[in-house]
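S.K.: Okay, here's the structure, questions in a sec.
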Amino acid sequence: MYDYLIIGSGIVGSAIARELSFFEGAICLVEKSSDITNGQTIANSGIIHSGHDPKVGSLKARLCVKGNDLYENLALKLDFPLLKTGALVVAFTEEELSNLDELFVRARKNGVKEIARLTKEETLKLEPNLNETLLGSLSLPSTKTTVPWEASRAMLENAIANGLTLKLNHEVKEINIKENYYEVCFKNQPPILTKGIINACGLFSDEIMGMLEDDLIQIYPRRGEYYTLSHGVKGFVSKVIYPVPSSLGKGVLMTPQPDGHLLVGPNAEDVSNKEDNQTTIKGLNEIKKQALRLSNKLPFKENIKNFAGLRAKIKGDDFYINRSTKNKNVYHLVGIDSPGLTAAPAIGKYVIDLIKEDQALRKKLNVVETRTRLVPFFLDTKDNQKKRWLEHPSYGELVCRCERISKQDIINEVTGLIPATSIKAIKKRTRATAGLCQGGYCESRILEIIASCTNKELSEVNYYEEDTPILIKEMKVEK
Amino acid sequence: MIYDVCVIGGGAAGIASAKNSYEEGLKIRLIERNNELGGILNQCIHSGFGIHHYIAELTGPEYADRIQNELFDEIEVSLKTSVIKLEKQNNLFCLTLSSEKEGIYTIKSRAVIISTGSYERTRSQIELPGKRLKGIFTAGSAQRYMNQLGYMVGKKVVILGSGDIGLIMARRMTLEGAKVQAVIELMKHSNGLTRNIVSCLEDFDIPLYLSHTITDVIGDTCLKAVEVSKVDEHLKPLEEGKFRIECDTLLLSVGLIPEISLLDDFNLDKDKKTKSVLVNQTYQTSVDGLFVCGNSLQIHDLVDFVSKEAEIAGRSARNYVLNNEKHPRDEQDVLFDEHLSYVVPQQIDFSILKDDFEVSFRVKEKYEEINVFVYQEDKQIKNKRIKFALPSEMEKITIEQGSLSSKASIKIMVEVIK
Amino acid sequence: MTKTMTCVRCPIGCQLMIHDNEITGNRCKRGYEYARQELSCPKRLVTTTIKTTSKVNPRLPVKTDDMIEKKYVFDVILEARKLTVSPPVNIGDILIENLFKTGVNLVSTKKIDE
């Protein structure tokens, strides 16, 4: 019997898991997918927003600014990438220019400490690749970018070090409300008994809510597509570039990533179902059009990958983070779309505060608050490389040439704390197959490594989820 | 120890250039990341290699074997070794190597030949929309899975691109029991060698849809079907007449791109059409002692031409090392008219012009008969009649060294007869 | 009636024209022979791979050492599927002799030592 079961291993679930792991009690986190962070957390811009955009007084605004403040320290403690880019909101028309003034006021009211209005000249001096037709900008130095699933993974690993049990491939099918506890039933897995439930299910949090409550909230998936321009264009812009926001959202942005790639997107399109995360010709063209408005020099030829993410939007457009009105020790987090990534560390603390109002939480005595990431071998220092290679010679074998990932780096992920056993999981962790050739050289070699580490046949290794084997069968040997 | 020539990449180009850079007393090192030499030839189990070079019809592995046997024992071959970084400092090249056996270490060399081959154009580079589904492969990776690992990648296949790799895979998969539903080609003529259209498609009644492309992929986690659309003369998909083909596998055979990321730090100018760096007639780049040949210089259709090109690059590297004095270059561009998409080499260095040399080129459109003229300052110095010139088949013209009367640019012009 | 066909004996792919049993369009003797053959008894070279016991080289590429009648192509593949070889194997080693009594053998096209 667990004290708390967290459903969902996205950035929100991970942040909550970490905070909760500092307190006494048995906690378990379940994730329906074959790997962590396969929902919204894996397909977004990775921006830690300043807090200029959310409505004044909203929960989004409060938690966004608080979360932004927490990230620098968190990135140091948990050793995940954080790029302190700063941001510019750029205006191209007189109307947009006056909107900037509104944003300035809004940001101030939300508690954003560093903001400045820049002239056209000052803006172009900072970012010469922007279109010269711009009229001015709003500078937001506290904006940063991160790699969301790395931040999420870091939080989860820290939580595991403090006693969290993580279970992958656990898709919640139904929840039976018992006298003093809950019986959570899964597809193809034995049920788990728990005293409390924290629903951090992202796109599907409305469905989990539906299993427990009468008052329901509906999630409206809104899709956003992206271009990923290769790290060859690093330096094209150094800050996150926002257009002036509209009713649909923040608009098509240019986001420099910690690994050097440049994300361009997203657009915003309401879709009818939660599986509709595909890229479309129309969507991509729309992004190009909007982005060229920011800079007509954008080198789209350097695109190495297109992808799409879905945002969990709800009516009212603010975070819904509340305890259940009906069920004891149940907390629902619904509609945590942008600035969810930014707010996540603050959401973790907010949920702890909610829980503390309902029952006493005792801090654990020996808690680990830090966690270190193994640097990919070829990015490490010469001395470390020598040591590491002597201990594990497989570090010397380069597997992913485009992103410089060694065989041992991959083995570490397959056999690590949170095992990565599909091609997609390896790609997420190491960036192997995510570079220029998209796995043309290394995919088959990664397959061989996963198969040998997990004692499987090559045809049993999945591309993504269960039942997506890359190879269908070994070629026939007739009798 | 400082090497005289280091060859990066041990495929057809690397082997030939290593062999030809050797002379007694010179230290040559051939570096290959795989556990065997031969490069892509090892997975090309079909025949058709060596018709020009050996006057024989060989399979890829057989060609690889023959060229390897010609390597001199004195050439140091490093297998399972990758080059992580290439730099030039004080007239010497610094190569950072890595292998399981030796870890990371650096070596120095007077000259370097890049023969790192190419990589396949990816789904993102052709902006094929839709979900990330299992079942979408580049044709070459499917070829590796089948021919080297022995696994089928699917049962019902659609192939995008009628390039040779796609055609060969159409045949290969059919022979192994898969149903190849169609080959879809964007252009109005096929891209592959004519013989492959016949022996890979016609033999098996596999339909070829010219002037069509794939506009969507359908499925949840695994591929279920593709949406095919006709394209207009600007290659834009038309809305009317879209249709679906059921399949569990989509092979992308949409072109190869030279692999030259090792040269990123040198910031060299690139040829927009070949997608590689610029070279002169000795296959030397603008960096002294740095040569490029094979698929990393321009995508070839025949390995025989790769061997020929690499021979010259190897000899040029050797000459560079032996003639210690550096002389200033005297380079002029090779110009060409609108009938050609590119020429290689892009420049002629008159200061080291001692031999006849070849210019490779491709025509932009299919021509039944053309006359190719080479001019230097209004004087015609060469002409060659070519029948059946196709964009998918590289052509060559030899320029005799003696025919050049000055150091002015040469220009290649095409007269279309039919 | 003129029949056209593309010669596949080499990458040039001459367009052959057959009219009244006369063959034209070939650049070399092989093209002529090819057309003759295609009209009377079409033949193909078959290349495939067979399973090995080796971990380093799990598949051995093989070929028919000469063109074989087109009708036997899939049968050659099926016969090849019955084999498993162990290293060492040399190029040219005969793996199946006299396929379907045609005199054509299935031979290795790669040397594998381990």
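Residue numbers (the working numbering), protein chains in the order written: chain A, 3 to 481; chain B, 786 to 1203; chain C, 22 to 135. The beta-carbon is built from N, C-alpha and C at its ideal position, and this holds for glycine as well.
Grab the span of the alpha helix (DSSP H) containing A/Leu105 for me, first residue to last.
M.R.: Its alpha helix (DSSP H) spans residues 96–112.
S.K.: Going along the region 935–954 of chain B in order, which residues come within less than 8 Å of chain C, judged by CB to CB distance?
M.R.: Listed by position along the chain: Gly935.
S.K.: What residue from A/Pro471, A/Leu80, A/Lys317 has the CA that sits closest to A/Gln220's CA?
M.R.: The residue with the shortest Cα to Cα distance from A/Gln220 is A/Lys317.
S.K.: Would you call the region 151–164 of chain A and the region 408–424 of chain A touching, i.e. three or more CB-CB distances under 8 Å?
M.R.: Touching, per the Cβ criterion.
S.K.: Below 8 Å CB to CB, which residues in the same chain sit around A/Phe25 once its five sequence neighbours on both sides are set aside?
M.R.: Closer than 8 Å at Cβ, skipping near neighbours: Ile354, Leu363, Arg364, Lys365, Lys366.
S.K.: Counting only the same chain and skipping the five closest in sequence on each side, list residues whose C-beta sits under 8 Å from that of A/Glu129.
M.R.: Counting only Cβ-Cβ distances below 8 Å, and skipping sequence neighbours, we find Leu90, Val239, Ser240, Lys241, Ile243.
S.K.: Give the straight-line distance between the Cα atoms of B/Asp850 and C/Glu90, rounded to the nearest whole angstrom.
M.R.: Roughly 28 Å separates the two Cα atoms.
S.K.: Could you say if the region 131–141 of chain A and the region 57–64 of chain A meet the contact criterion of at least three C-beta pairs nearer than 8 Å?
M.R.: Segments in contact, no.
S.K.: Helix, strand or coil, according to DSSP, for A/Gly226 in the structure here?
M.R.: Three-state DSSP puts A/Gly226 in a strand.
S.K.: Between the Cα of A/Val92 and the Cα atoms of A/Pro83, A/Leu120, A/Cys66, A/Val67, which residue gives the shortest distance?
M.R.: That would be A/Leu120, whose Cα lies nearest to the Cα of A/Val92.
S.K.: For the region 1083–1099 of chain B and the region 832–850 of chain B, state whether three or more C-beta atom pairs, one from each stretch, are separated by less than 8 Å.
M.R.: Enough Cβ pairs lie closer than 8 Å, so yes.
S.K.: Which residues does DSSP pair with B/Lys1164 in a beta bridge?
M.R.: Looking at the DSSP assignment, B/Lys1164 forms a beta bridge with B/Gln1161.
S.K.: Let's test the definition: count the other Cβ atoms within 10 Å of the Cβ of B/Arg1170 and tell me whether it reaches 16, buried, or not, exposed.
M.R.: Exposed is the call here.
S.K.: Please classify B/Gly1187: is it buried, with 16 or more other beta-carbons within 10 angstroms of its beta-carbon, or exposed?
M.R.: When all chains shown are included, B/Gly1187 counts as exposed.
S.K.: Let me make sure I understand the geometry here. Which of A/Leu72, A/Leu85, A/Leu140, A/Leu31 has the alpha-carbon closest to that of A/Asp103?
M.R.: Ranking A/Leu72, A/Leu85, A/Leu140, A/Leu31 by Cα distance to A/Asp103 puts A/Leu140 first.
S.K.: Any C-beta of chain A within less than 8 Å: which residues of the region 906–925 of chain B qualify?
M.R.: Answer set for the region 906–925 of chain B: Thr907, Arg908, Ser909, Gln910, Glu912, Pro914, Gly915, Lys916, Arg917, Lys919, Thr923, Gly925.
S.K.: So C/Arg80 contacts chain B; which residues on that side make the cut at Cβ distance below 8 Å?
M.R.: In chain order: Asn932, Gln933, Leu934, Gly935.
S.K.: Would you mind reading off the limits of the alpha helix (DSSP H) that contains B/Ala798?
M.R.: Where B/Ala798 is concerned, the enclosing alpha helix (DSSP H) stretches over 797–806.
S.K.: By alpha-carbon positions, which one of A/Thr374, A/Ala436, A/Ile412 ends up nearest to A/Arg447?
M.R.: Taking only the C-alpha atoms, the option nearest A/Arg447 is A/Ile412.
S.K.: When the Cα atoms are used, what is the spatial distance from B/Gln1165 to B/Asn1065?
M.R.: Those two C-alpha atoms are separated by around 21 Å.
S.K.: When the distance is taken between beta carbons, is C/Leu116 closer than 8 Å to C/Leu203?
M.R.: Nothing can be reported for residue 203 of chain C: it is not among the residues displayed for chain C, which extend from 22 to 135.
S.K.: Expressed to the nearest angstrom, what Euclidean distance is found between the alpha-carbon atoms of A/Gly398 and A/Leu72?
M.R.: One C-alpha to the other measures close to 37 Å.
S.K.: Can you list, in chain order, the residues of its chain whose CB lies under 6 Å from that of A/Asp320, leaving out five sequence neighbours each side?
M.R.: Cβ neighbours of A/Asp320 beyond the five flanking positions: Ser60, Leu61, Lys62.
S.K.: Can you pull the chain C neighbours of B/Pro846, defined as C-beta to C-beta under 7 Å?
M.R.: Going along chain C in sequence order, the residues near B/Pro846 (Cβ under 7 Å) are Pro82, Thr130, Lys131.
S.K.: List, in chain order, every chain B residue whose beta-carbon is nearer than 7 Å to that of C/Thr70.
M.R.: Going along chain B in sequence order, the residues near C/Thr70 (Cβ under 7 Å) are Ile830, Asn932, Gly935.
S.K.: Interface residues of chain A around B/Ile869 at Cβ under 8 Å?
M.R.: Those are Phe380, Leu400, Arg406, listed as they occur along chain A.
S.K.: Closer than 8 Å by beta-carbon distance: list the chain B residues that pair up with C/Val77, in chain order.
M.R.: Correct list: Asn820.
S.K.: For C/Leu66 and chain B, any beta-carbon pair shorter than 8 Å?
M.R.: Chain B contact via Cβ: present.
S.K.: Looking at the structure shown, is B/Pro1176 part of a helix, part of a strand, or coil, going by DSSP?
M.R.: B/Pro1176: coil per DSSP, three-state reduction.
S.K.: Quick check on the burial criterion: 16 or more other C-beta atoms within 10 angstroms. Buried or exposed for A/Gln387?
M.R.: It counts as buried.
S.K.: Note the first and the last residue of the continuous alpha helix (DSSP H) segment covering A/Leu78.
M.R.: Taken as a continuous stretch (DSSP letters only), the alpha helix (DSSP H) holding A/Leu78 covers 61–80.
S.K.: Just the Cα atoms here: how many angstroms apart are A/Glu450 and B/Asn1168?
M.R.: Using only the alpha carbons, I get a separation of about 53 Å.
S.K.: Tell me which same chain residues have a C-beta within less than 8 Å of the C-beta of A/Lys276, skipping the five on either side of it?
M.R.: Hits under 8 Å: Leu205, Phe206, Ile221, Pro223, Leu312.
S.K.: Would you report the Cα separation of B/Gln911 and B/Gly1079, rounded to the nearest angstrom?
M.R.: The sequence shown places Ile at residue 911 of chain B, rather than the Gln named in the question. Distance between the alpha carbons of B/Ile911 and B/Gly1079: 24 Å.
S.K.: Can you grab the Cα-Cα spacing for the pair C/Arg87 / C/Gly124, in whole Å?
M.R.: Note on identity: in this sequence residue 87 of chain C is Asp, with Arg being the wrong assignment. Rounded to whole angstroms, C/Asp87 to C/Gly124 spans 9 Å at the Cα level.
S.K.: Taking the alpha carbon of A/Ile338 as the point to measure from, which residue in A/Ile306, A/Tyr322, A/Glu74, A/Thr87 has its own alpha carbon closest?
M.R.: The residue with the shortest Cα to Cα distance from A/Ile338 is A/Tyr322.
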